[in-house]
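Here is the structure we will look at.
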Amino acid sequence: MNTESSVESLRRHEIAGRVEIVYGRGGLPLVKITTPWSTAEIYLHGAHVTHFQKNGEPPLIFLSAKSYFADGKGIRGGVPICFPWFGNRAGEPSHGFARITAWQLVKTSTAPDGTVTVQFALPQISGREAWKNLRTEFIVTVADTLTMELIATNDGCDEPLAIENCLHTYFHVGDIGAVSLTGLRDAPFNDFAAGDSGTRNVEHDAVLRVAKETNRVYPDNAATVEIHDENLQRKIRVEKFNSHSTVVWNPWTTQKLPDDFDPAEHQHMVCVESGNVKQNKISLAPGKASALKVILSSAPLK
Ligand code: TA6
91 MNTESSVESL RRHEIAGRVE IVYGRGGLPL VKITTPWSTA EIYLHGAHVT HFQKNGEPPL
151 IFLSAKSYFA DGKGIRGGVP ICFPWFGNRA GEPSHGFARI TAWQLVKTST APDGTVTVQF
211 ALPQISGREA WKNLRTEFIV TVADTLTMEL IATNDGCDEP LAIENCLHTY FHVGDIGAVS
271 LTGLRDAPFN DFAAGDSGTR NVEHDAVLRV AKETNRVYPD NAATVEIHDE NLQRKIRVEK
331 FNSHSTVVWN PWTTQKLPDD FDPAEHQHMV CVESGNVKQN KISLAPGKAS ALKVILSSAP
391 LK
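Numbered by the working numbering, the letters in the sequence shown go through residues 91 to 392 in order.
In structure tokens, the structure reads:
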């Protein structure tokens with residue numbers, strides 16, 4: 091954990107009634123946000139959004155009751171920032187090193203209407219010389235919606251950088267058996283569930299229901315997805331910008347996960363992830379930037 095991330099040194103970023111910096115779980119620095127419409131929480135560890143809840147509604151974001159909150163470990167739930175790669179790499183952390191790194195808190199601000207914006211920067215990491223030219227920011231805007239923007243810039247002048255990015259958002263649902271996803275009808279996907287290595291498939295049903303282990307990467311897909319939750323009588327909208335991959339995941343009780351997730355928790359979560367992964371990976375030319383943006387909103391189902 092870098093010295094900048096001790097809470098006392100971060101208190102200058104506090105805004106009365108809007109932004110508070112505290113020690114969160116595992117003693118990790120936590121940014122607590124209150125707006126007229128909502129509350130949110132973001133750990134500097136991974137610049138990880140762990141909570142977003144509109145006043146009078148259940149949380150919109152799922153967080154495992156068994157999550158780790160420790161250096162070197164990803165937080166289970168919330169919005170893991172999968173970066174600068176997605177998935178497994180031999181001898182490397184799954185989904186990249188961004189989510190297990192303490193980000194720097196750069197700036198907090200609030201608008202006259204009470205909207206709060208928090209900016210983070212991924213520090214240079216010793217031993218990661220291959221990424222020395224990568225400058226990465228994460229900007230979170232909290233209001234009655236939650237907007238997250240991951241901006242990667244190649245500060246080098248000769249070599250392109252091959253990156254993947256994905257905001258791996260875990261959504262809270264009342265009961266996965268009463269949930270349907272819209273927006274993916276007729277969209278081809280690669281199936282990675284139950285050890286499948288990515289068989290290409292397509293479905294023509296009007297909505298996607300999750301009734302088993304589900305792990306789908308929809309390539310070349312920028313669809314706005316809605317999560318219709320009959321149990322909570324709520325729909326969550328996932329709007330994406332500069333995202334060419336959609337991932338839908340629920341481990342059910344069959345995918346073996348570390349003990350930071352209780353298999354029974356599968357009933358109360360579904361991941362709808364937005365990014366540029368696998369065949370949609372990005373070649374970031376010298377001097378160029380790529381901004382992935384996601385806007386989360388919710389409304390009554392009827
Ligand atoms: O997004 C789906 C996925 O790639 C699954 O394969 C599963 O591994 C999930 O991410 C969680 O990965 P994690 O490394 O956080 O356990």
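Even glycine gets a Cβ: it sits at the ideal position worked out from N, Cα and C.
Cβ neighbour criterion (16 or more within 10 Å) applied to residue i
i, result
"residue 369", "exposed"
"residue 319", "buried"
"residue 364", "buried"
"residue 391", "exposed"
"residue 373", "exposed"
"residue 315", "buried"
"residue 266", "buried"
"residue 179", "exposed"
"residue 227", "buried"
"residue 361", "buried"
"residue 168", "buried"
"residue 107", "exposed"
"residue 189", "buried"
"residue 100", "buried"
"residue 105", "exposed"
"residue 249", "exposed"
"residue 170", "buried"
"residue 98", "exposed"
"residue 144", "buried"
"residue 256", "buried"
"residue 402", "Past the boundaries of the shown model lies residue 402; the chain is included only from 91 to 392, so the question cannot be answered."
"residue 182", "exposed"
"residue 209", "buried"
"residue 91", "Here the model assigns residue 91 a pLDDT of 47, short of 50, so the residue's position is not dependable, and the following value carries that caveat. Looking at its Cβ environment, which holds fewer than 16 other Cβ atoms inside 10 Å, residue 91 is exposed."
"residue 130", "buried"
Extent of the continuous alpha helix (DSSP H) to which residue i belongs
i, result
"residue 100", "97-100"
Residue span of the beta strand (DSSP E) that contains residue i, given as start and end
i, result
"residue 129", "128-133"
"residue 316", "315-319"
"residue 345", "It is not in any beta strand (DSSP E) - residue 345 carries neither H nor E in the DSSP assignment."
"residue 178", "Note, residue 178: premise wrong, no beta strand (DSSP E); not H, not E."
"residue 121", "119-124"
"residue 382", "379-390"
"residue 370", "Per DSSP, residue 370 belongs to no beta strand (DSSP E) and is neither H nor E."
"residue 143", "138-144"
"residue 309", "304-309"
"residue 365", "359-366"
"residue 329", "324-331"
"residue 109", "109-113"
Beta-ladder partner(s) of residue i, from DSSP
i, result
"residue 158", "None, per the DSSP bridge assignment."
"residue 199", "207"
"residue 339", "305 and 361"
"residue 151", "261"
"residue 190", "Note: residue 190 sits in no beta bridge, so no partner."
"residue 105", "109"
"residue 167", "153"
Anticipated Cβ contact below 8 Å, residue i with residue j, distance rounded
i, j, result
"residue 244", "residue 377", "6 Å"
"residue 306", "residue 337", "7 Å"
"residue 120", "residue 173", "Rounded, the Cβ-Cβ distance is 21 Å, inconsistent with contact."
"residue 193", "residue 134", "5 Å"
"residue 326", "residue 388", "5 Å"
"residue 185", "residue 165", "Between residue 165 and residue 185 the Cβ distance is about 12 Å, and since that is not below 8 Å, they are no contact."
"residue 288", "residue 281", "7 Å"
"residue 335", "residue 353", "That pair is no contact at about 27 Å."
"residue 156", "residue 350", "5 Å"
"residue 303", "residue 344", "5 Å"
"residue 237", "residue 132", "With 8 Å as the limit, residue 237 and residue 132 do not qualify as a contact, their Cβ atoms being about 13 Å apart."
"residue 141", "residue 148", "Not quite, the Cβ-Cβ distance comes to about 12 Å (not below 8 Å), so this is no contact."
"residue 125", "residue 204", "5 Å"
"residue 232", "residue 151", "Contact doesn't hold; Cβ gap of about 12 Å is too wide."
Task: beta strand (DSSP E) runs contained entirely in the segment 211-299, provided each spans 3 or more residues - done: 224-232, 236-244, 251-253, 255-257, 260-262, 269-272, 279-281 and 289-291
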